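The numbering of the first sequence is this note's numbering, which starts it at -11 and goes up by one.
Where is the CB? At the ideal position from N, CA and C, for every residue including glycine.
Computed from a predicted model, the values in this text were never measured in an experiment.
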Amino acid sequence: MPDRPTLDGLEAKWDAVWHEQGTYAFDRTAPREQVYAIDTPPPTVSGSLHMGSVFGYAQTDAIARFQRMRGKVLFYPMGWDDNGLPTERRVQNYYGVRCDPGLHYDPSFSPPSEVPKEPVSISRPNFVELCLQLTAEDEKAFEHLWRTVGLSVDWAQTYTTIGPEAQRASQRAFLRNLARDEAYAQEAPTLWDVDFRTAVAQAELEDREMPGAYHRIGFHRADAEPVFIETTRPELLPACVALVAHPDDVRYQPLFGTTVTTPLFGVEVPVLAHHLADPEKGSGIAMICTFGDTTDVTWWRELDLPVRSIIGRDGRLVASPPDGVEPAVYAELAGKTTKQAQKRVVELLHESGDLVGEPKAITHPVKFYEKGDRPLEVVTSRQWYIRNGGRDAVAREELLQRGKELAWHPSHMQTRYDNWVSGLSGDWLISRQRFFGVPIPLWYPLDGAGEPRYDEPLVPAESRLPVDPSNDVPDGFDEAQRGAPGGFVGDPDIMDTWATSSLTPQIAGRWEDDPDLLGRVFPMDLRPQGPEIIRTWLFSTVVRSHLEHDVLPWRATTINGWVLDPDRKKMAKSKGNVVTPMPLIEEYGSDAIRYWACSGRPGTDTAVDFGQMKVGRRLATKLLNASKFVLGFPSVADGPVTEPVDLAMLAALAEVAGSVTAAFEDYDYARGLERAEAFFWSFCDDYIELVKGRAYSEGPEAASALRALRLALDVQLRLFAPFLAFATEEVWSWWREGSVHRAPWPRAEELPGGGDPDVLATAGAVLAQVRKAKSAAQVTMKTPVRLLRVGNATPVLDRVRAAQTDLVNAGIVQSLEVVEGDADFVEVTLGDPPTKS
RNA sequence: GGGCGAUUAGCUCAGUUGGUUAGAGCGCUCGCCUCACACGCGAGAGGUCACUGGUUCGAGUCCAGUAUCGCCCACCA
């Protein structure tokens, strides 16, 4: 036991010990009912972790430590989500490179030492190598942070979503979806990011308010007045396939069934009725283009319209116009971006007189890819989908039912799930036209003309997985036949990162690679995660487990709150207010950071609060000092706790242990912490102060105090262990064998019963009056009390008598007088302060 | 437009089934080097519990409505 205990250095010290002794190692011989399995969120590996991650993971760790102490065998793995666009983007910026799938692998390539002005084009294998290299470095830093924070993860159970095991699981799941017709490919209009040049799923969309303008444009009727529409996207005029108004709109009813001609481009289009047309919006009649937005897609599908597609995958207008569009006018737009094209179309409309008045500026919500910089376009392409109830009422109902089976903490988070599932408008688009991810494990035979026969995909045996169709060859073919008529071609796409991370329970449990392990951990007990990924990670994991195993992937989920910056603003890299954890850990210590995180209520948004971290640090320091004090007394032989004040304190502690347990059972770590903490401070300020004098004395009364102090310390260290993982372990090591984190969770039955907690409460209240008198007189607490008179009813005075020795000691009371009766008072007469030496 | 959550001391937040003078920490003020801790200890000031109604013997707590803030969803011409 050190003379001056300190928190500094505890993180490195205990992390090393825990690692060496396998304190958190999973015991894979444990049967399922003894295991507590946590489907830990694999953090996205893209640079650095921020306080938001620390917040949620520290809360989960408290729950994990509680379950472990309760005797559960923890399956608590950690994954790194390193595949996907965030990594690609980071590699591009970090090294100054771009992937060009047309290039061949260059074994001698090494990234430029300085980021070049113009990005260097490299082959896909070279690009993937850089991705792997950079993520490996990041993952090392991530692990170091988590270990410093004290996550009781079993570091032998790590995985990465780009690793071969994850790829195998991901491809196997996909092939099984395909075999059961739960996965299918379709050529369809799809939301498309023109910068990343990839399709985007519904779950990854967000709206942003953007400036725009209504342009009032006249369409020509054969021999009558023009029809005016208003549009924010006049550049889509050549893609117009119809006009549409609401069926009940009397203004336009006469036009239904007639045709009009588009200005400038001279295409004859029908005027149609559809209930989605809003009479209040614009002029009440809209032009349908293929495709300006998802409403266009709905109209196009439901009204059975032709396609006049003008926007290419690069976001520019395609070279040649659709059939029937005036070629000379279109030629002015070909190759332009939508922005440039809009400018030119407006000029042309001005000249032709078809634009009425000036454009009216507005702001309106526009769909973006959440990681993208430019508005999404809709392009037609061949994509893979997994059925998620978005197009099937029965499947949707089943998935809603799964949501009901899951125990949500806090419970109101379930409505977010329900809203999302109920609002799905299409199946889950999983293919991406990118490079760093799990490939779609398929090839297609080529017919005599070299065209792929998409409806007869060549499927690898599961034993071959993982495969990369761009390098591997399907059974029965050889590499020379790649791309040749009569040969084969690989599917060029990869799966979206969620298509792999939706399988984290299967990946962590090693699924078919180790069915015995999976049987011991799946379905898991807990999925902790953030609120913003209910629609992505949580939902897609439920979908995969439902389809593959017909079961919920976990019993319960805890949804943590959002972390706000110190000014209660949402943290965002773009705002530059992101707080990184390492400097704070160095300043306050990991226990203080854990304290801050665990004082945030489940599901409640919480600000980064340095004050709260300071409080946590104070608590941890106090724990060290109080422990040092208790353990500084000689240990006494086992024996009974006899004194009423001691029994009172232990009875109160038993109650506290019960309520901390109840809180944890309800996943409310914050309430548990609050209860333990409140008790601890009164333990220090009242109980220790009261019994100090007796503890220093000799005889059975002293022994009772010493036993009670040690009992209380023992229990409290264990109550705090899930939160103050380092300080409690440090103190435990001063006097106990093994790790506090493997010690049994405290139970009320461990403590002697029969105590009356009110004895301590009453003694504390009287002592407070004594202190108040000394404070008011501005004298030191060492000042004696010449006379202490307490008036009250008999039961209260009985408690005072029970604590008499301790009260007299703690207050330095020379004479105590109790007055039975109705009067309720405490009267303190001070003596002379001691003279300073 | 629909849904969810929040609104309690200057600040950050508790307040578990409705029950006596509404709590904590930080900050502030005033004291105290009291033999574990000055990274400490003691004391104090500070709130018409967002607003309006209702239920009740009794409402911060339940119900209805209003306002403000945050988040999610929605077909964004």
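In terms of residues, what are the limits of the alpha helix (DSSP H) holding residue i?
| i | result |
| --- | --- |
| H132 | R112 to V137 |
| G620 | F598 to G620 |
| L776 | First-last for L776: V773 to N780, but that is the beta strand (DSSP E), not the alpha helix (DSSP H). |
| Y684 | E677 to Y684 |
| V530 | F527 to H537 |
| D702 | P688 to F708 |
| C586 | S578 to C586 |
| W288 | T282 to E290 |
| H338 | T326 to S340 |
Using the three-state DSSP reduction, which class does residue i fall into: helix, strand or coil?
| i | result |
| --- | --- |
| A499 | For the sequence presented, residue 499 should be read as Trp rather than Ala. Of the three classes helix, strand and coil, the one that applies to W499 here is helix, per DSSP. |
| N797 | helix |
| R239 | coil |
| D504 | helix |
| W486 | helix |
| F711 | coil |
| T219 | strand |
| M66 | strand |
| S297 | strand |
| V831 | Given a span of -11 to 825 for the chain in the structure shown, any question on residue 831 remains unanswerable. |
| P745 | helix |
| L417 | strand |
| T592 | coil |
Would you give the residue range spanned by the beta strand (DSSP E) that residue i belongs to?
| i | result |
| --- | --- |
| S369 | E365 to I374 |
| E197 | L193 to F207 |
| A173 | A171 to D181 |
| A13 | No beta strand (DSSP E) contains A13, which DSSP labels as neither H nor E. |
| E738 | No beta strand (DSSP E) contains E738, which DSSP labels as neither H nor E. |
| Y357 | L343 to Y357 |
| C228 | C228 to A233 |
| V816 | F813 to L818 |
| R515 | M512 to Q517 |
| Y45 | Looking at the DSSP string, Y45 is not in any beta strand (DSSP E); the run it does join, the alpha helix (DSSP H), is M39 to M57. |
Quick one: measure Cβ to Cβ for residue i and residue j, integer angstroms, because I've assumed they're closer than 8 Å.
| i | j | result |
| --- | --- | --- |
| L540 | R390 | 6 Å |
| I276 | E365 | About 16 Å; that fails the 8 Å criterion. |
| P353 | E197 | 6 Å |
| P222 | H203 | 5 Å |
| V788 | T750 | 6 Å |
| P473 | G438 | 4 Å |
| L264 | W287 | 7 Å |
| R209 | V248 | 5 Å |
By a C-beta neighbour count over all protein chains shown, 10 Å radius and 16 as the cutoff for buried, is residue i buried or exposed?
| i | result |
| --- | --- |
| R56 | buried |
| K269 | exposed |
| L699 | buried |
| T529 | buried |
| H400 | exposed |
| T148 | buried |
| F714 | buried |
| E218 | buried |
| K762 | buried |
| W669 | exposed |
| M769 | exposed |
| T403 | exposed |
| W68 | buried |
Practice task
Determine, using beta-carbon pairs with one atom in the stretch 369 to 379 and one in the stretch 310 to 320, whether at least three such pairs fall under 8 Å.
Solution key: Verdict: no, contact absent.
Problem - At least 3 beta-carbon pairs within less than 8 Å: the stretch 37 to 45 vs the stretch 67 to 78 - result: no
Practice task
Evaluate contact between the stretch 542 to 557 and the stretch 581 to 598, counting only Cβ atoms and requiring at least three cross-stretch pairs below 8 Å.
Solution key: The way I'd put it, the stretch 542 to 557 does touch the stretch 581 to 598; three or more beta-carbon pairs between them come closer than 8 Å.
Practice task
Give a yes or no on contact between the stretch 629 to 641 and the stretch 682 to 696, applying the rule of three or more CB pairs nearer than 8 Å.
Solution key: The stretch 629 to 641, when compared against the stretch 682 to 696, does touch it at the 8 Å Cβ threshold.
Practice task
Spell out a yes or no on whether the stretch 656 to 666 and the stretch 722 to 738 are touching, meaning 3 or more CB-CB pairs, one atom from each, closer than 8 Å.
Solution key: no
Practice task
Would you check if the stretch 738 to 756 and the stretch 774 to 788 touch, i.e. whether three or more CB-CB distances between them fall below 8 Å?
Solution key: Yes, the stretch 774 to 788 touches the stretch 738 to 756.
Practice task
Answer yes if the stretch 458 to 478 comes into contact with the stretch 119 to 126, meaning at least three C-beta pairs across the two stretches below 8 Å, and no otherwise.
Solution key: no
Exercise for the section: Would you check if there are 3 or more beta carbon pairs closer than 8 Å linking the stretch 58 to 65 to the stretch 139 to 148? Expected result: yes
Handout entry: At least three beta-carbon pairs within less than 8 Å, the stretch 81 to 89 to the stretch 99 to 107
Key = Output reads yes: the stretch 99 to 107 touches the stretch 81 to 89.
Exercise for the section: Would you check if there are 3 or more beta carbon pairs closer than 8 Å linking the stretch 41 to 50 to the stretch 491 to 511? Expected result: no
Problem - the stretch 511 to 527 touching the stretch 566 to 579, judged by at least three CB pairs closer than 8 Å - result: no
Problem - Three or more C-beta pairs below 8 Å linking the stretch 228 to 239 and the stretch 247 to 262 - result: These segments touch.
Practice task
Examine the Cβ distances between the stretch -9 to 8 and the stretch 492 to 502 and report whether three or more of them are shorter than 8 Å.
Solution key: Under the three-pair Cβ rule at 8 Å, the stretch -9 to 8 does not count as touching the stretch 492 to 502.
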